[in-house]
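Residue numbers (UniProt numbering): 1 to 533.
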């Protein structure tokens, strides 16, 4: 019996190509932006796709394969176009064509200008507790080390030569939660800072390595389709919480505290306002101009603007640091001392069992997030990808990252698609990106000593606005009414009871609504489907 098919709409008046720079996504996010509003489309037959990531009927009973989830299906099919630097390529062309070395170097450096600042911001989120503030210089370097490991693994092992793989937002909340629990446990036991740092860094590394092993197992036994059964509305609520968490972390960095209250907000508003305005400024430009050059240009602009204001006001970097505009950091050790905090003999191993539930939640969320990234790349590539094989590779990368003191990561689909559209068909671009990160690590001075707090605050505010708007506001157009309410409910539940229990309760609510016969189908998807012949 022939497999069922449905029709998918594509604009037959569109050119066969789209610009590499016409990318309306923010970096390193599990967030999908439709580049343009839906238009009238012509009919094109494609293989059957899932209409709801949360419905067990999404699994083909004969092939035991889950199709691409509905939030990917909502994205318009956009072919490729002439870019400023490369010629035209036909839609669906091979990802293994050759690319000039100079072009690979150029796009590797461009990706580095976007990835590195976000990596440093992510490190600040993982170690947002006050206990880590004096040691952030080294701890953020460990985050960059993890980025190097992920990128080398992806460039060497991925089936996609243009792949960009880095520390990603999906696992940050879990890692930060683990770090907070370990700090609390160490303080209760009267541990010194050396023990606290050893317990936390080793604990997070082991959690990442275990996550990697779990992803390898999921891929090897072909369980990717079951992991993807987590409802889209629950995932949306969690991703909105990531945005909220990043925003609060950004405010904390700018205010110089991890305890953000209304009193702190009002007292430190002069330090917080520039970052919030900077993030909103970048977000508006990215969404309005929809050009990949906007983000790196804004990053450079904000950095230069800060030093221009310092010069005009006659302040030195030291004075700006004393006044609170730049975080005070210790002189960095030589790069090969970045792992000095990971002392196995100082670890309080008895504090680790409390992390089990958080670890399980992180495995499922990162596995699903990685599947969504793969789906986004597959949609752009217009060639089928093996989800289980890709998850195995991602798992291996996370295992190596954990064993080298790093953290969770996956495909960065926005940067991967950017490289794909630019015509990158060589692994050189990925290795150049890793090389730029290595240069940051071996720098003989503390780069953080020259980066203003509002710079990180702007990037985290951008992520906050981007994710919150996408999943709490814009998602109402992509979900049915009941699904949208469940998305909001999951977000609120996570705020009240925490990430792990909030996600579980969100799934429970979804199952209850499903069993009560509540219509959880996305109405917009129904309009794009026809009865199979």
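For each residue, glycine too, the CB sits at the ideal point set by N, CA and C. This structure is a prediction, so every number in the text was calculated from the model and none was measured.
Contacting residues, own chain, Cβ-Cβ under 6 Å from residue i (five flanking each side not counted)
i	result
residue 413	373, 376 and 377
residue 437	144, 147 and 148
residue 282	298 and 462
residue 209	399, 402 and 403
residue 518	482
residue 185	351
residue 411	165 and 373
residue 251	260 and 272
residue 93	Interpretation of residue 93 is limited by its pLDDT of 48, a score under 50 that renders its predicted location unreliable; no figure is taken from the coordinates.
residue 444	none
Residue i: first and last residue of the uninterrupted alpha helix (DSSP H) it sits in
i	result
residue 244	232–255
residue 389	387–403
residue 166	Residue 166 -> not in any alpha helix (DSSP H); beta strand (DSSP E) instead, spanning 165–167.
residue 274	269–289
residue 260	Residue 260 -> no alpha helix (DSSP H), and no H or E assigned at all.
residue 158	Careful: residue 158 lies outside any alpha helix (DSSP H) and carries neither H nor E.
residue 107	101–126
residue 478	No alpha helix (DSSP H) contains residue 478, which DSSP labels as neither H nor E.
residue 187	172–188
residue 316	Element bounds for residue 316: n/a, residue is neither H nor E.
residue 456	453–468
residue 428	428–442
residue 363	356–381
residue 518	Looking at the DSSP string, residue 518 is not in any alpha helix (DSSP H), and its letter there is neither H nor E.
residue 130	Counting along the chain, residue 130 falls outside any alpha helix (DSSP H), and DSSP gives it neither H nor E.
residue 205	193–220
residue 226	224–227
Local Cβ density within 10 Å of residue i, reported as buried at 16 or more and exposed below that
i	result
residue 331	exposed
residue 336	exposed
residue 173	buried
residue 193	exposed
residue 497	exposed
residue 269	exposed
residue 313	exposed
residue 323	exposed
residue 304	exposed
residue 80	Confidence at residue 80 is low in this model, with a pLDDT of 36, below 50, so the placement of that residue is unreliable and no value is reported for it.
residue 220	exposed
residue 349	exposed
residue 440	buried
residue 334	exposed
residue 470	buried
residue 225	buried
residue 421	buried
Delimiting residues of the beta strand (DSSP E) encompassing residue i
i	result
residue 309	Run containing residue 309: none in the beta strand (DSSP E); it sits in the alpha helix (DSSP H), 294–313.
residue 411	409–411
residue 504	Here residue 504 belongs to no beta strand (DSSP E); instead the alpha helix (DSSP H) covers 499–515.
Contact set for residue i: own chain, Cβ-Cβ below 7 Å, skip 5 residues either direction
i	result
residue 127	136, 139 and 179
residue 320	310 and 326
residue 409	146, 150, 165, 166, 167, 168, 397, 398 and 401
residue 542	Only positions 1 to 533 of the chain appear in this structure, which leaves residue 542 out of reach.
residue 104	424, 426, 428, 429 and 432
residue 134	330
residue 302	278, 455 and 458
Contacts around residue i, its chain only, beta-carbon distance under 8 Å, and the 5 residues preceding and following it disregarded
i	result
residue 468	240, 243, 244 and 247
residue 256	268, 271, 324, 327 and 453
residue 316	310
residue 340	138 and 333
residue 516	none
Pair within 8 Å by beta-carbon distance, residue i and residue j
i	j	result
residue 417	residue 390	no
residue 298	residue 308	no
residue 205	residue 406	yes
residue 395	residue 507	no
residue 430	residue 154	yes
residue 196	residue 112	no
residue 465	residue 177	no
residue 534	residue 415	There is simply no residue 534 to check, as the chain begins at 1 and stops at 533 in what is shown.
residue 198	residue 343	yes
residue 459	residue 118	yes
residue 371	residue 227	yes
residue 183	residue 159	no
residue 171	residue 362	yes
residue 509	residue 482	no
residue 433	residue 108	yes
residue 129	residue 258	yes
residue 230	residue 364	yes
Tell me whether the region 490–497 and the region 288–303 touch, counting them as touching only if at least three CB pairs, one residue from each stretch, are closer than 8 Å.
no
Check whether the region 224–237 touches the region 470–488, counting contact only when three or more Cβ pairs, one atom from each stretch, lie closer than 8 Å.
yes
Specify whether the region 268–279 and the region 446–456 touch according to this definition: at least 3 beta carbon pairs, one from each stretch, less than 8 Å apart.
yes
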